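Notes to accompany the following structure.
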Amino acid sequence: MPKKTRLGAVIGNRCPTCFEGKLFKSRAYDLGQMSQMIARCEICQEDFEREPGFYFGAAYISYALTVAMWIALYVALTCFDWWGIMSFHLFEDIPLFLWTGIALLMSMMPLFLRLSRSIWLHMFTKRRTS
């Protein structure tokens, strides 16, 4: 069995202590429950409900992911223009940039929310080896 890594646990939304238990109750695109977390890890019983307001800091992580997405979109559209796939000039095609970015952001929102919470929780939890 391959060794579990912290990066794999963060991206896979797994417990920061054992790297196995799930963090969330449902799938990311179950929009009614996308942010509901499991209270404790089913494997190691790590408590995911640290204190009231603990996950407010994840908003900063989410903001950084959103900025990175906008930069990646700009770079991708500019590269498509250079390669001749499509025409894109930022100051001439502002609606294209904005509507593509908004559509991409809305579709990625559940993933960014979960990833930012996972990163935030992993930043404050050490792995226990037993």
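In this text, residue positions in the sequence shown follow my numbering: the first is -10, and each later residue adds one.
Note that beta-carbon positions come from the ideal geometry of N, C-alpha and C, so glycine has one too.
On a predicted model such as this, the values are computed, not experimentally measured, just so you know.
Select from the options the residue whose C-alpha is nearest the C-alpha of residue i.
i, options, result
"Gly90", "Val56, Glu81, Leu104", "Val56"
"Met95", "Thr(-6), Trp59, Lys11", "Trp59"
"Ala92", "Leu62, Thr114, Glu81", "Leu62"
"Tyr18", "Leu66, Pro41, Met98", "Met98"
If I measure Cβ to Cβ from residue i and keep anything under 7 Å in the same chain, skipping five residues before and after, which residues do I get?
i, result
"Phe69", "Met75, Phe77"
"Leu54", "Phe101, Leu104, Ser105"
"Met(-10)", "Confidence at Met(-10) is low in this model, with a pLDDT of 47, below 50, so the placement of that residue should be treated as unreliable; the coordinate-derived value is given next. There are no such residues."
Contact check, residue i vs residue j under 8 Å by CB: the rounded distance?
i, j, result
"Ser24", "Leu100", "Their Cβ separation, rounded to whole angstroms, is 12 Å, which puts Ser24 and Leu100 out of contact at 8 Å."
"His111", "Ala(-2)", "7 Å"
"Phe37", "Leu(-4)", "Not confirmed; about 19 Å, so no contact."
Using the three-state DSSP reduction, which class does residue i fall into: helix, strand or coil?
i, result
"Met75", "coil"
"Met95", "helix"
"Met(-10)", "Low confidence applies to Met(-10): its pLDDT is 47, below 50, so where it sits in the model is not reliable enough to give any reading."
"Met112", "helix"
"Met58", "helix"
"Arg106", "helix"
"Asp82", "coil"
Note down, in chain order, each residue of its chain lying with its Cβ closer than 8 Å to the Cβ of residue i, except the 5 sequence neighbours on either side.
i, result
"Leu20", "Pro99"
"Met26", "Leu12, Phe13, Lys14, Phe37, Glu38, Arg106"
"Arg116", "Arg(-5), Pro5, Thr6, Cys7, Phe8"
I want to check one thing, is the minimum distance from the CB of residue i to the heavy atoms of the ligand NAD below 6 Å?
i, result
"Phe37", "In the structure shown, the ligand NAD is absent, as is every other ligand, since no ligand is present at all."
Are at least three pairs of beta-carbons, each pair with one atom in the region -1 to 6 and one in the region 99 to 108, less than 8 Å apart?
Because the criterion of three Cβ pairs below 8 Å is met, the region -1 to 6 and the region 99 to 108 touch.
Any contact between the region 28 to 37 and the region 6 to 19? By contact I mean 3 or more CB pairs, one from each, below 8 Å.
Yes, the region 28 to 37 touches the region 6 to 19.
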